[in-house]
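Undergrad:
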Amino acid sequence: MTRLFSASIRTQLLLIVTILALPAAAIIVYSGFKLRAEAIQEARNETQHLSSVIASEQQNLTDAAEQLLVALAQLPEVQRPDASRIKPILRRILALNARYSNLIIADKAGNIWATAVEVKPHNVSDRRHFKGALASGQLSSGEFLISPVTGKGVLPLAYPYTNEKSEISGVIIVAIDLDYYKKLFSRFELPSGKGYLLLDHQGIILSASGPGISVGTRYNPLAFSNMQNGKDKSTVMEKGMDGRKRFITYRKLQLKSEDSPYLYIRTGIPLSIVLNAIDKSLAFNLTLFTVGLLIALFFAWLLGKRSIVDRISLLEKATRRIAQGDLNITVSSLIGGGELGNLGATFDDMARQLALREKELTGYRDRLEEMVSARTAEISVLNNQLQQSQKLEAVGLLAGGVAHDFRNILATIKGAVYLIQKKLEKESPLIKYADQVSASIAKATNLSDSLLAFSRKQAVDLQPLALNTVIQKTENLLHQVVGEHVELIVQLDAAPSVVLADNNQLEQVLLNMATNARDAMPGGGRLFIHTMNFTMDETFIRTHGYGVAGDYILMEISDSGLGIEDGVKEKVFDPFFTTKGLGKGSGLGLAVTYGIVKQYSGYIVIESEPEQGTTFRIYLPAADATPVEYSPTFHCPPTDGTETLLLAEDDSDTRRTLSEVLSLSGYRVLEAADGAEALAIYTENRHSIDLVFIDVWMPKKNGPEVCRLIRAISPEVRFLFMSGYADDLTDAPDVPEKFRDFISKGARPEEILRKIRNLLDHQVS
Numbered sequence: 174m175t176r177l178f179s180a181s182i183r184t185q186l187l188l189i190v191t192i193l194a195l196p197a198a199a200i201i202v203y204s205g206f207k208l209r210a211e212a213i214q215e216a217r218n219e220t221q222h223l224s225s226v227i228a229s230e231q232q233n234l235t236d237a238a239e240q241l242l243v244a245l246a247q248l249p250e251v252q253r254p255d256a257s258r259i260k261p262i263l264r265r266i267l268a269l270n271a272r273y274s275n276l277i278i279a280d281k282a283g284n285i286w287a288t289a290v291e292v293k294p295h296n297v298s299d300r301r302h303f304k305g306a307l308a309s310g311q312l313s314s315g316e317f318l319i320s321p322v323t324g325k326g327v328l329p330l331a332y333p334y335t336n337e338k339s340e341i342s343g344v345i346i347v348a349i350d351l352d353y354y355k356k357l358f359s360r361f362e363l364p365s366g367k368g369y370l371l372l373d374h375q376g377i378i379l380s381a382s383g384p385g386i387s388v389g390t391r392y393n394p395l396a397f398s399n400m401q402n403g404k405d406k407s408t409v410m411e412k413g414m415d416g417r418k419r420f421i422t423y424r425k426l427q428l429k430s431e432d433s434p435y436l437y438i439r440t441g442i443p444l445s446i447v448l449n450a451i452d453k454s455l456a457f458n459l460t461l462f463t464v465g466l467l468i469a470l471f472f473a474w475l476l477g478k479r480s481i482v483d484r485i486s487l488l489e490k491a492t493r494r495i496a497q498g499d500l501n502i503t504v505s506s507l508i509g510g511g512e513l514g515n516l517g518a519t520f521d522d523m524a525r526q527l528a529l530r531e532k533e534l535t536g537y538r539d540r541l542e543e544m545v546s547a548r549t550a551e552i553s554v555l556n557n558q559l560q561q562s563q564k565l566e567a568v569g570l571l572a573g574g575v576a577h578d579f580r581n582i583l584a585t586i587k588g589a590v591y592l593i594q595k596k597l598e599k600e601s602p603l604i605k606y607a608d609q610v611s612a613s614i615a616k617a618t619n620l621s622d623s624l625l626a627f628s629r630k631q632a633v634d635l636q637p638l639a640l641n642t643v644i645q646k647t648e649n650l651l652h653q654v655v656g657e658h659v660e661l662i663v664q665l666d667a668a669p670s671v672v673l674a675d676n677n678q679l680e681q682v683l684l685n686m687a688t689n690a691r692d693a694m695p696g697g698g699r700l701f702i703h704t705m706n707f708t709m710d711e712t713f714i715r716t717h718g719y720g721v722a723g724d725y726i727l728m729e730i731s732d733s734g735l736g737i738e739d740g741v742k743e744k745v746f747d748p749f750f751t752t753k754g755l756g757k758g759s760g761l762g763l764a765v766t767y768g769i770v771k772q773y774s775g776y777i778v779i780e781s782e783p784e785q786g787t788t789f790r791i792y793l794p795a796a797d798a799t800p801v802e803y804s805p806t807f808h809c810p811p812t813d814g815t816e817t818l819l820l821a822e823d824d825s826d827t828r829r830t831l832s833e834v835l836s837l838s839g840y841r842v843l844e845a846a847d848g849a850e851a852l853a854i855y856t857e858n859r860h861s862i863d864l865v866f867i868d869v870w871m872p873k874k875n876g877p878e879v880c881r882l883i884r885a886i887s888p889e890v891r892f893l894f895m896s897g898y899a900d901d902l903t904d905a906p907d908v909p910e911k912f913r914d915f916i917s918k919g920a921r922p923e924e925i926l927r928k929i930r931n932l933l934d935h936q937v938s
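Numbered according to the numbering used here, the sequence shown spans residues 174 to 938.
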């Protein structure tokens with residue numbers, strides 16, 4: 174028997190014809206029952222095959238949608254989120270996928286924030302696919318919906334996306350256009366009467382073949398209930414929607430993340446069509462039996478060779494060529510019609526589809542490479558900006574630390590020179606040397622102030638100031654700085670220009686910028702100062718790569734000078750960097766300006782080209798306050814005193830010098846080398862100590878901690894804190910605001926004595 178089935182097709186055809194030559198009655202009875210059984214089985218197989226093909230196509234559609242949603246969920250524009258960047262991507266994807274009607278991204282509350290096709294804002298938190306995606310963290314299905322974009326039916330699928338902390342932040346939704354199913358399944362060329370139905374989990378018809386079936390209507394509840402309660406796939410005989418008996422194969426489709434099916438596939442063929450074809454075939458065979466048996470034997474052999482064997486051989490060769498990568502092959506024209514002709518046409522269509530897919534994948538790869546290249550360029554620009562900012566922050570930290578330690582040394586020197594000046598006779602020939610040392614100390618103090626300004630550690634008195642007023646009062650001085658060969662043009666906005674700043678620092682910024690512009694125009698030119706109110710929005714921040722949204726006062730300072738090269742522009746704000754000759758500049762002017770602007774939470778940027786001049790744009794946060802009137806303060810010479818002071822300073826040189834300065838002015842001084850010693854001395858002498866002069870940071874116990882403990886003993890005692898940094902005391906939560914009297918270690922002895930005298934004369938309980 175095995176040898177019989179392994180014989181050639183032609184031989185088997187001859188054997189079949191011979192069997193048909195049996196007595197007529199036996200042939201009719203046998204072939205009738207056999208053909209009917211085969212037809213019924215074939216009908217079953219066809220419905221099962223069709224349901225399998227539809228299920229496979231649906232699975233491919235679901236897998237493709239899941240891959241797309243997973244890929245979108247990884248994009249930084251989705252995780253951040255950034256609607257302006259993700260919308261163009263969604264539109265391009267939608268343009269390349271006719272199967273989808275829209276791509277939608279909603280936050281965790283169900284509010285839509287990005288779509289491929291704009292829709293009226295609405296909330297999707299009550300939708301099955303949205304809730305399923307959030308609950309399972311995987312792909313989730315929905316039900317039949319009417320698309321607000323096309324007005325037609327869609328089947329949504331959803332997938333969650335996470336933020337940069339891997340927390341679920343929302344859901345990405347793809348809406349499958351139900352019309353796509355008709356286009357997809359139209360290529361099956363279904364015989365008359367054979368059809369299919371796609372139903373969602375509620376029994377709503379999503380797609381169907383044949384007339385009289387409306388998409389979006391509910392299917393027969395009893396038949397749908399039988400499917401729900403039945404097996405995952407089964408073939409049964411039942412009445413169809415037209416009342417005729419059919420072979421029905423149904424299949425349930427279920428996502429791995431869901432507990433119940435989301436799609437039901439029904440395929441069927443009427444029993445009458447199956448049996449009618451068999452009856453006609455039997456009648457035809459009976460007619461030909463008596464007159465064509467001999468002819469049939471001859472043509473069976475010839476037909477087997479030419480119509481089956483030869484064409485199957487062509488398909489076999491074509492399959493090998495496709496396996497070797499040749500996707501341009503066609504065989505339908507060589508095979509002709511019939512089932513093998515249909516198979517050849519399907520074969521050609523498969524080859525064309527594979528070629529198109531290969532072309533699409535090549536296009537996707539090219540577009541992805543372009544997107545990656547553009548994104549890499551953007552990241553490179555932002556990285557350069559970040560490195561420059563980090564460099565300036567690191568240099569500022571170093572400069573601040575150096576200036577702080579330098580101030581401690583200067584404090585001791587200032588005190589020592591003060592004592593020398595006080596103890597020398599006015600006619601002493603040594604007094605001029607002491608004055609020279611004092612002048613040099615003043616220059617060193619200015620240098621340390623500049624470093625602290627760059628590092629944003631300088632003590633400042635922030636007040637609401639009218640920027641336009643400061644510029645107007647400084648204009649005459651600016652004329653003197655730039656000289657007669659430079660034309661100064663000032664154009665001030667009529668609108669209010671109030672900023673929180675220090676008047677002296679604002680004047681320093683203007684003088685630094687004017688000096689820098691003058692040096693850039695050795696042959697003369699124009700210096701233009703312009704102010705205006707400016708609102709920094711998200712578009713500006715996204716375009717320029719810096720800033721915080723809000724209202725600002727913009728001050729533009731432009732010159733018509735030599736300009737700056739690209740390599741130099743990156744270093745202009747570095748401390749001690751200068752393009753001038755040796756001894757012609759410290760290189761701190763623009764660095765100090767940068768530090769002052771940053772201390773005000775502002776921004777400074779530069780635009781310049783060689784021989785095209787330079788423009789500095791300074792953005793200072795606008796203040797909603799009434800500006801104060803600036804007026805210089807006249808400082809009277811300090812007066813002596815007789816009170817008892819507790820001096821707490823861990824640096825021995827500074828402590829001894831300050832103690833001698835205070836003692837020279839008549840004060841009784843009790844010295845402490847650390848916080849614990851200061852607390853012990855005060856406890857023993859609390860009834861005689863009038864003021865505690867204490868360093869903010871000391872060993873064992875710091876200044877604010879000592880203040881808290883002493884005030885628990887004597888709430889009325891006054892404290893004067895000193896430090897190299899202005900924000901040391903500001904950051905101390907133990908000291909109430911009204912007791913935060915502070916003086917910098919960079920202050921001159923006269924300033925210290927004047928401050929102490931003022932506090933003693935105005936005690937606050």
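Cβ atoms here follow ideal geometry from the backbone N, Cα and C, with glycine treated the same way.
No experiment lies behind these values; they were computed from the predicted model shown.
Taking all protein chains shown into account, decide if G403 is buried (16 or more other Cβ within 10 angstroms of its Cβ) or exposed.
TA: Exposed: under 16 other Cβ atoms inside 10 Å.
Undergrad: Going by other Cβ atoms of all chains shown within 10 Å of its Cβ, with 16 needed for buried, is K169 buried or exposed?
TA: Only positions 174 to 938 of the chain appear in this structure, which leaves residue 169 out of reach.
Undergrad: Short check: CB of G696 to CB of H658, under 9 Å?
TA: Cβ atoms of G696 and H658: closer than 9 Å.
Undergrad: Consult DSSP for I737 and reduce its assignment to one of helix, strand or coil.
TA: Reduced to three states, the DSSP call for I737 is coil.
Undergrad: Can you give me the start and stop residues for the beta strand (DSSP E) that K425 sits inside?
TA: K425 -> beta strand (DSSP E) spans 418-426.
Undergrad: Determine the direct distance from the alpha carbon of Q214 to that of A348, and round the result to whole angstroms.
TA: Spanning the two alpha carbons is a distance of roughly 38 Å.
Undergrad: In chain order, what residues of the same chain lie with their CB nearer than 7 Å to the CB of I495, ignoring the 5 residues before and after it?
TA: Cβ neighbours of I495 beyond the five flanking positions: I502, A524.
Undergrad: Going by the CB atoms, is the gap between L436 and L379 shorter than 9 Å?
TA: Yes.
Undergrad: If we ignore side chains and look at the alpha-carbon of each, how far apart do S274 and S320 end up?
TA: The alpha-carbon atoms of S274 and S320 are separated by roughly 8 Å.
Undergrad: Let me know the alpha helix (DSSP H) ranges lying completely inside the segment 341-389, each 4 residues or longer, listed in chain order.
TA: Fully enclosed alpha helix (DSSP H) runs of 4 or longer: 352-358.
Undergrad: Can you give, in chain order, each stretch of the beta strand (DSSP E) that sits fully within the segment 823-898 and has at least 3 residues?
TA: Correct list: 841-845, 864-868, 891-896.
Undergrad: To the nearest angstrom, how far is the alpha carbon of T191 from that of D452?
TA: Their backbone Cα atoms lie some 22 Å apart in a straight line.
Undergrad: How about the segment 236-254 and the segment 367-383: do they share at least three Cβ pairs that are nearer than 8 Å?
TA: Segments in contact, no.
Undergrad: V842 CB to nearest chain B CB: under 9 Å?
TA: Although the question refers to chain B, the structure presented lacks it and comprises just one protein chain.
Undergrad: Taking the beta carbon of Y855 as the centre, do at least 16 other beta carbons fall within 10 Å, making it buried, or is it exposed?
TA: Per the 10 Å Cβ criterion, buried.
Undergrad: What ranges does the beta strand (DSSP E) occupy inside the segment 258-312, keeping only unbroken runs of at least 3 residues that lie completely in it?
TA: Qualifying beta strand (DSSP E) stretches, in chain order: 273-280, 285-288.
Undergrad: Buried or exposed for Q497, going by 16 or more other Cβ atoms inside 10 Å?
TA: Flag for Q497 reads exposed.
Undergrad: Nearest to T815 by CA position, among D863, F317, D724, is which residue?
TA: Minimum Cα distance to T815 is reached at D863.
Undergrad: By the DSSP assignment, the beta strand (DSSP E) with D724 in it spans what residues?
TA: Its beta strand (DSSP E) spans residues 723-732.
Undergrad: In angstroms with no decimal places, state the Cα-to-Cα distance between L276 and D732.
TA: Taking the straight line from one Cα to the other gives about 51 Å.
Undergrad: Pairs of beta-carbons, one from the segment 419-438 and one from the segment 223-230, closer than 8 Å: are there three or more?
TA: Yes, since at least three Cβ pairs between the segment 419-438 and the segment 223-230 fall closer than 8 Å, the two stretches touch.
Undergrad: Classify N411 as helix, strand or coil using the three-state DSSP reduction.
TA: The sequence given here has Glu at residue 411, not Asn. Three-state DSSP puts E411 in a strand.
Undergrad: Does the beta-carbon distance from A216 to F457 come in below 9 Å?
TA: Taking 9 Å as the Cβ cut-off, A216 and F457 do not qualify as a contacting pair.
Undergrad: Can you tell which of K412, D824, V388 has the C-alpha that lies nearest to the C-alpha of Y353?
TA: The option with the nearest alpha carbon to Y353 is V388.
Undergrad: Could you give the distance in angstroms between the alpha-carbon of T184 and the alpha-carbon of L208?
TA: Rounded to the nearest angstrom, the two C-alpha atoms are 21 Å apart.
Undergrad: By DSSP, does V243 sit in helix, in strand, or in coil?
TA: V243 falls in the helix class under three-state DSSP.
Undergrad: Inspect the CB distances between the segment 779-797 and the segment 820-837 and report whether three or more fall short of 8 Å.
TA: Verdict: no, contact absent.
Undergrad: Here's the rule I'm using: 16 or more other beta-carbon atoms within 10 Å means buried, otherwise exposed. How should E219 be labelled?
TA: With 16 or more other Cβ atoms within 10 Å, it is buried.
Undergrad: Taking C-beta to C-beta, are Y719 and F707 nearer than 9 Å?
TA: No, the Cβ-Cβ distance between Y719 and F707 is not below 9 Å.
Undergrad: Leaving out five residues on either side along the sequence, give the residues of the same chain with a beta carbon under 6 Å from the beta carbon of E239.
TA: Hits under 6 Å: L312.
Undergrad: Considering M709, what are the terminal residues of the beta strand (DSSP E) in which it resides?
TA: Here the beta strand (DSSP E) through M709 covers 698-709.
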